[in-house]
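A.B. asks: Residues in the sequence shown are numbered from 1 upward in steps of one, following the UniProt record's numbering. Please read through the structure below; I'll follow up with questions.
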Amino acid sequence: MAHKNKQNYSPYKARKEKAGVSLRGQAPTSKRDFKPEQVYSIEEANDRFADIFRNHQFECSHEERRKLAHFYHLLMKNQEHQNFTRLLKLRDVAIKHFIDSLIITEMVDIKFPLIDVGTGPGFPGIPLKIRYPQEKILLGEGVQKRVEFLKTVREELQLENLDIIGRNINEYFVYPVQSVITRAVEDIPNTLRNVMSCLQCGGHVYFMKGPSVDPEIKMAEDLKEFYQLEQDIAYDLKHTQNQRRLVVYRKIKNAPLPEDPDEEVE
């Protein structure tokens with residue numbers, strides 16, 4: 001039954017792009033060839049990852065590294081036709097996709113179930129699933145070719161307890177989770193609104209952002225009744241010029257559920 005209470009403030013009605021248009025879902029503007037020059041075998045990638053991770057003082061078990069190498073191989077094999085990533089060198093994938101996806105586990109204590117919103121070809125959700133094989137993880141992705149790729153990865157890597165949600169996550173998605181994580185380009189306030197119905201009170205949203213995220217944090221102050229900014233951690237990826245910010249919000253209050261657009265208001 002649709003909700004009729006219009007007196008309480010609803011964050012869903014405040015959805016405005018105050019800082020420009022989101023780039024999520026737009027077609028690439030360049031026709032560059034994103035075919036990798038070389039695709040290493042799983043065994044070769046595994047050996048090279050061992051050296052890269054050691055040089056970056058990044059701890060990774062043999063089983064985790066093996067599955068990351070398998071994931072890399074699938075990603076590069078499909079890259080020519082799917083254009084999943086602009087990172088085509090093995091070292092860049094290892095550092096800017098895999099280490100970047102997993103380094104936050106050294107900074108925060110993630111609770112499960114967890115949903116990765118706008119996961120694309122699986123970042124950071126697939127590496128996190130490899131690290132936490134027993135935990136429940138959901139991957140939200142609205143682009144069908146990426147959804148099919150994620151299903152292939154799940155099957156090839158034999159990842160259990162991994163659900164793939166083949167649509168964009170919005171306020172009508174109600175599967176209860178303890179944590180939300182995203183590397184997608186959608187701005188912070190829009191994501192906070194989109195996960196309002198699925199994130200349990202007391203749960204956290206982890207935004208993996210670049211250094212220039214302050215305007216988005218400012219915009220998110222409109223939602224301070226529902227979310228509290230808990231952490232803002234600046235960090236670098238070792239031996240690179242890449243600066244990162246991990247911005248963490250805690251949900252402190254539930255909002256009334258939005259009206260189902262498919263329901264008739266009585």
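Ideal Cβ placement from N, Cα and C applies to all residues, glycine included.
1. Decide if Asp51 is buried, meaning its Cβ has at least 16 other Cβ atoms within 10 Å, or exposed.
2. Cβ atoms of Val195 and Val185: under 8 Å apart, would you say?
3. According to DSSP, simplified to helix, strand and coil, what is Tyr235?
4. Classify His97: buried if its beta carbon has 16 or more other beta carbons within 10 angstroms, exposed otherwise.
5. Can you check which of these residues, Asn190, Tyr132, Leu139, is closest to Ile115 by C-alpha distance?
6. Determine the burial state of Lys209: buried for a count of at least 16 other Cβ atoms within 10 Å of its Cβ, exposed for fewer.
7. For Glu63 and Glu43, what's the separation of their Cα atoms in angstroms?
8. Measure the alpha-carbon distance for Ile110 versus Ser179 and round it to whole angstroms.
9. Can you tell me where the alpha helix (DSSP H) with Met219 in it begins and where it stops?
10. Determine which residues share a DSSP beta bridge with Arg244 and list them.
11. For the putative contact between Gln231 and Pro211, defined by C-beta atoms under 8 Å, what is the C-beta separation to the nearest angstrom?
12. Contact between the segment 216 to 227 and the segment 76 to 91: three or more CB pairs below 8 Å?
C.D. replies: On the basis of the data shown:
1. Taking the first residue of the sequence shown as 1, we reach residue 51 at position 51. So Asp51 counts as exposed.
2. As a first step, residue 185 is located in the sequence shown; it is residue number 185 there, counting from the start. As a first step, residue 195 is located in the sequence shown; it is residue number 195 there, counting from the start. Cβ atoms of Val185 and Val195: not closer than 8 Å.
3. Taking the first residue of the sequence shown as 1, we reach residue 235 at position 235. Strand, per DSSP.
4. Position 97 of the sequence shown, counting from 1, holds the residue named residue 97. Burial check for His97: the Cβ neighbour count within 10 Å reaches 16 or more, so the residue is buried.
5. Taking the sequence shown and counting its residues from 1, one reaches residue 115 at position 115. Ile115 has its Cα closest to that of Leu139, out of Asn190, Tyr132, Leu139.
6. Here residue 209 is taken as the residue at index 209 of the sequence shown, counted from 1. Counting of Cβ neighbours within 10 angstroms places Lys209 among the buried residues, the total reaching 16 or more.
7. One-based indexing of the sequence shown puts residue 63 at position 63. One-based indexing of the sequence shown puts residue 43 at position 43. Cα-Cα distance, rounded: 12 Å.
8. Translated into positions along the sequence shown, residue 110 becomes position 110. Translated into positions along the sequence shown, residue 179 becomes position 179. Each residue's alpha carbon lies about 7 Å from the other.
9. Position 219 of the sequence shown, counting from 1, holds the residue named residue 219. 214 to 219 is the span of the alpha helix (DSSP H), which, as asked, contains Met219.
10. Walking along the sequence shown from the start, residue 244 turns up at place 244. DSSP lists Tyr235 as partners of Arg244.
11. Here residue 231 refers to the residue found at position 231 when the sequence shown is read from its first residue. Here residue 211 refers to the residue found at position 211 when the sequence shown is read from its first residue. Between Pro211 and Gln231 the Cβ distance is about 16 Å, and since that is not below 8 Å, they are no contact.
12. Short answer: they don't touch.
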